Structures are given as structure tokens and as C-alpha cells.
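If you're matching positions, the sequence shown starts at 730 in my numbering and goes up one per residue.
We put the CB at the ideal spot given by N, CA and C, even for glycine.
This structure is a prediction, so every number in the text was calculated from the model and none was measured.
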Amino acid sequence: AELKQVAPNLTFMYHPERTPGSLFLQVIENICECSKPHIANDIVHSAAFDDIGYGVVSCYNSLPLAGGGSTLVRLNLKAIAERSASIDDFFTRTLPHYCQQQIAIIDARCDFLYGQSGFFENSFLVKEGLIDAGRFVPMFGMYGLAEAVNVLCEKAGIAGRYGKDEQANALGYSISEQLAAFVENTPVKHGWKHRAMLHAQSGISSDSGTTPGARLPYGDEPDPVSHLLAVAPHHRHYHSGISDILTLDE
């Protein structure tokens, strides 16, 4: 707060039994000054990992401790919705198809990383026991959920829009649920527990016309309480990270 720095990205792991109220108040005061640190619910995050634990990389990449992300591949949900004839077609044909394509890319990348790159054989990090190849996990990313919901609503003649309508929000929750079920039930060739981890991706500089992860589009947010209630149900599905940026009244 004193330096007014928004970088580097830092995450505070909040636990109601371990975090003193005075420290949590300091975190909140820092957020009001410079929007940092992010806050992670340690109880929820810990439940998705094991006794060795997890770390939060950057602002919201939650990954196994002593491991990390082996690769990150991401679905543009808006583009998938645009290639769908209807809501039903999206859930039964296009989304499953592109999810399978993403798993194929993950497996190909990890085949190279584990079998050809030599990283895990030659890295001093492995030799000194700082990282464990078995604790790396591929990140199954997605972005553009808001636009996907709106496109599908338009195709179905639904007037509601993501973040502002219960029917549209419910459609968004169904997309997150289907993605989570797919990732949970689909093995990968290399990775912690032989599964990828679902991730709401923040976006990159070349993205255009999409909103990061499951966030609401910038400049079109409702009041803070409605905003929070709209996005919160998504969070339990994205074990390797999801974040929201909420505006506060001045």
C-alpha cells in the first residue's frame, strides 16, 4: 500500500482459524490502496490438493507444491458457441469435441516435456529435490464464458445476459459443471493423479472480444452484490485457479 504497487501479483491464503483479524484488516486496506494482494480461501483450496499442499503462482494459478503446471491449453468458449447450432448442440457436440481436442494437445505437449525435452532428467531442481516430476499437472484452461453464454442465449431467443439474468447465469453454471466433469473423468498420459486441472484463464494480450475466465465483461458489471452472487458458484469447479475482479464503491 505504501508503494502503491500493483505488481508483482501476490495472493494471501486466508484461513478463518489461522489468520488474525488484524492481519486480514491490513490485507483489506492494501486492496483498497492498490488492488493487491488477491485473497484465496485456504480451506477450499486445500481440499482440492493433498497433505503436501499447494502454492498459488502469480495471482490465481493453484498448483501442487513441489510441482507446478506442465502446460496450459485453453478453450475459447465464445468461438465454440459460435460454431454451435443451439444450446443443446453446444453441450452434446461442439463442447465435447473441442474438450477432446484439448486433451490431445495436452498429451502431445507432455509427451515432449517428459519424454524428449530432458528437463526432468537434467534439471538441478529435480536433482536437488526441489521439484518432483510426478507433481506437475497440465492446466485445462478456458476463457470467454460470458460471451459464450450471450451467444447461446441469442441463438435460443433468450433476452437475458450473463451476470444480469438468472436463466443466463444458470447456463453459465452448466458449462462450468460440464467442463469440470469432463476433466475429472478424462485421464491424461502425464500428470499428477493422471488428470488435468480445470483453470479459468485470465487471457493474453492478443485476445479480442472475449472476457477472461468466467468473469463478467468489463464496464457492464451490475452492483457489487449481484456481481458476487453471479460469479461465486463457478469457483468450486476450477481447482487450478479462478479469480474475479470486483469493483468497490469509492
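Check your understanding: Is it a yes or a no for the segment 786-804 touching the segment 856-872, going by three-plus beta-carbon pairs under 8 Å?
Key -> yes
**Study point:** First through last residue of the alpha helix (DSSP H) which encompasses A730
**Key:** Per DSSP, A730 belongs to no alpha helix (DSSP H) and is neither H nor E.
Exercise for review: Could I get the ranges of all uninterrupted alpha helix (DSSP H) runs contained in the segment 868-899, with 4 residues as the minimum, in chain order?
Suggested key: 874-885
Check your understanding: DSSP beta-bridge partners for V866?
Key -> G798
**Study point:** Residue nearest to I809 in terms of C-alpha spacing, selected from G782, A910, V880 and E758
**Key:** V880
Point to revise | L754 - partner residues in DSSP beta bridges | key: For L754, which the question treats as bridged, DSSP gives no partner whatsoever.
Point to revise | Continuous beta strand (DSSP E) stretch holding Y743: start and end | key: T740 to Y743
Check your understanding: From A776, I816 and G942, pick the residue whose C-alpha is nearest to that of G886; which is it?
Key -> I816
Check your understanding: Apart from the five residues just before and just after V878, which ones in its own chain have a Cβ nearer than 6 Å to its Cβ?
Key -> Y891, A897, L900 and G901
Review point. Does the beta-carbon distance from T748 to Y789 come in below 8 Å?
Key: no
**Study point:** Residue(s) in a DSSP beta bridge with L804
**Key:** M871
Review point. So, helix, strand or coil for S791, using DSSP?
Key: strand
Exercise for review: List the endpoints of the continuous alpha helix (DSSP H) containing Y827.
Suggested key: L824 to G844
Exercise for review: Identify, in the order they occur along the chain, each residue of the same chain with its Cβ nearer than 6 Å to the Cβ of M742, setting aside the five sequence neighbours on each side.
Suggested key: A769 and D771
Check your understanding: For N770, which residues does DSSP report across the bridge?
Key -> Y743
Point to revise | 8 Å CB neighbourhood of L991 in its chain, flanking five on each side removed | key: Absent from the model: residue 991. The displayed extent of the chain is 730 to 979, so no value can be given.
Check your understanding: With distances taken from CA atoms, which of K807, A777, E731 and A730 is nearest A875?
Key -> K807
Check your understanding: Helix, strand or coil: how does DSSP classify L927 here?
Key -> strand
Point to revise | contact_flag[the segment 842-851, the segment 931-947] where n(CB pairs < 8 Å) is 3 or more | key: no
Review point. So the alpha helix (DSSP H) V917 belongs to, where does it begin and stop?
Key: Careful: V917 lies outside any alpha helix (DSSP H) and carries neither H nor E.
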